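Below is one structure, written out as structure tokens; the observations come after it.
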Amino acid sequence: MIIVTGGAGFIGSALVWALNARGERDIVIVDALDHDEKEHNVAPLAYERLLGGNEFRQQLAAGEFDRAEVKAVLHMGAISSTTEQDWNKLQDVNVSFTQEIIRWCADHSVRCVYASSGAVYGDGAAGYSDEAALFDRLQPLNLYGKSKLLVDIWARDGGYLKSAVGVRYFNVFGPDEYHKKHMRSVIAKKFDEVQRGEALKLFRSNNVQYKDGEQQRDFLYVKDAAAATSFLLDQPQAAGVFNIGTGRARTWNDVAHGLFGALRRQPCIEYIDLPADLKDQYQNFTQADITRLRAAGWRQKMTSLEDAVTEYVQQYLIPHRHLGEYTAF
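According to my numbering, the sequence shown is numbered sequentially starting from -9.
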């Protein structure tokens, strides 16, 4: 049995899809089907049962999984909004729940892979290395990033990273993100507007080092995120925190041109002011240092931004498909 928390969500459903592709069917999904799109995410997938988050926490604490043949727990469930301001919620879901799972896995010798985030790096002043000795230097720009970093430091200091794996995803985009509302990628949010022939709006730069639209992020296709996570799951010697990204920063203008190209439309980009509530927590540059991932044996080439955007738009957004309803490559 493999347990996937957040398995009806974005990266979680992609992981279930990737597990299905290699023949795994004995899967327990932990999630709330609180959105029609999350129901559509799991509809094409093969799994044994679905539990709500509170139900799973209660069963885990009560020992109901102690005698089950659990091979691994992939803990993707979280409050993923970078603008969340309720620290008590973040403390409970992102910190305490994750700690409960990591402890249980350690106590029962079960492989554990949990989701951290590239948000822990803040403005990048301390670099983008995932080396454990550098965790204390990091300064997240938002409470979400703080919650993720707290778990990484706790896991390191408690010795859990000798066996558990934390994965710091960078800017992930792709199918099955439809339920994420304002947290969807620019590609998903602007698709309808561009398809209607409207201009694509991007934030103006608030930093003189970057021209408008030239702010850079490490954009990662969700299929690559799932593949890299599955790879680490299968490497018993791999432990600690790993960055999951392409290792190459690209601009928002690149993303916009990719979307226009996929829809075969002439680029038309407008720049708008950055909202006041984002100015102090906006990352102008991110780029994953994937040295440790490569050292663990990861050799697969990440999908190029252009190819990923084209596939996402043409094979998923236009027909509104979910993973499992279409297989490319």
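By construction, the Cβ of each residue, glycine as well, lies at the ideal position given by its N, Cα and C atoms.
Just so we're clear, the structure is a prediction, and the values are computed from it rather than from any experiment.
Residue from the options with nearest C-alpha to residue i
i    : options                : result
F321 : C102, F232, Q225       : Residue 321 lies beyond the stretch modelled for the chain, which goes from -9 to 319, so this question has no answer here.
H283 : A229, M173, P309       : The amino acid at residue 283 is misidentified as His; the sequence shows Leu. Cα-wise, what sits closest to L283 is A229.
V162 : A115, A178, K191, G149 : A178
D24  : A36, N10, L40, E14     : L40
K336 : T219, A285, T72, R93   : Outside the shown range of the chain (-9 to 319) lies residue 336, about which nothing can therefore be said.
D16  : T88, I(-7), D26, T236  : I(-7)
G235 : A109, F181, H310       : A109
H30  : W288, Y302, G(-1)      : G(-1)
V18  : E27, Q49, P257         : Q49
R255 : E188, L210, P34, A116  : E188
S195 : A116, S294, D263, L133 : D263
H310 : D166, S86, Y37         : D166
V85  : G67, C95, H98          : G67
R93  : A33, R57, A122, Y150   : Y150
S153 : R207, G117, D97, S137  : D97
D395 : D120, R12, E74, G42    : Any question about residue 395 goes unanswered here, given that the chain covers just -9 to 319.
E59  : F160, C95, H312        : C95
Q227 : T241, A285, Y261, F275 : A285
L223 : D120, A145, T281, G287 : G287
Delimiting residues of the beta strand (DSSP E) encompassing residue i
i     : result
H65   : 62 to 65
T300  : Note, T300: premise wrong, no beta strand (DSSP E); alpha helix (DSSP H) at 295 to 301.
T(-5) : -8 to -5
I177  : Premise fails: I177 lies in the alpha helix (DSSP H), 176 to 185, not in any beta strand (DSSP E).
I69   : Note, I69: premise wrong, no beta strand (DSSP E); not H, not E.
Where residue i sits in the DSSP three-state scheme
i    : result
F163 : strand
Q129 : coil
I308 : coil
R194 : coil
I280 : coil
L140 : helix
Y168 : helix
F55  : coil
L41  : strand
R146 : helix
V32  : helix
F319 : Confidence is the limiting factor: at F319 the pLDDT is only 40, short of 50, which leaves the residue's position unreliable, though a coordinate-based value still follows. In the structure shown, F319 sits in coil (DSSP, three-state: anything other than H, G, I, E or B).
I259 : strand
G156 : strand
Contact set for residue i: own chain, Cβ-Cβ below 8 Å, skip 5 residues either direction
i     : result
D270  : L131
G112  : L128, Q129, P130, L131, G135, Q273
K61   : M(-9), I(-8), V100, R101
N243  : L192, G203, E204, I259
G(-4) : G2, V20, D21, H65, M66, G67, A68, A105
T367  : Summary: the structure shown does not reach residue 367, with the chain confined to residues -9 through 319, and so no result is reported for it.
R240  : Q206, R207, D208, F209, L295
Chain-order list of residues whose beta-carbon lies under 6 Å from that of residue i (same chain, five-residue window excluded)
i    : result
G156 : Y104, S106, D142, V231
I308 : none
V32  : A(-2)
R174 : E167
Own chain residues within Cβ distance below 7 Å of residue i, not counting five before or after
i    : result
A252 : V299, T300, V303, Q304
F319 : Unreliable placement is indicated for F319, whose pLDDT of 40 sits below 50; no coordinate value is reported for it.
K180 : L190, L249
V184 : L190, L249, F250, L253, R255
A217 : A8, Q290
P257 : A246, H247, F250
R47  : F87, E90
K138 : N84, S106, S107, A109, V110
K79  : I69
Cβ of residue i within 7 Å of any chain D Cβ
i    : result
N196 : Chain labels in this structure do not include chain D; a single protein chain is all it has.
Endpoints, the alpha helix (DSSP H) within which residue i is located
i  : result
G2 : 0 to 11
Any non-hydrogen atom of the ligand FMN within 6 Å of residue i CB
i    : result
G203 : Ligands displayed in this structure: none; no statement on the ligand FMN is therefore possible.
Just list the alpha helix (DSSP H) runs in the region 197 to 252, keeping only unbroken ones of 4 residues or longer that don't cross its boundaries, in chain order. Listed in chain order, they are 212 to 223, 242 to 252.
Ignoring anything shorter than 4 residues, give me the alpha helix (DSSP H) runs that lie fully in the region 72 to 116, in order along the chain. Correct list: 77 to 80, 87 to 97.
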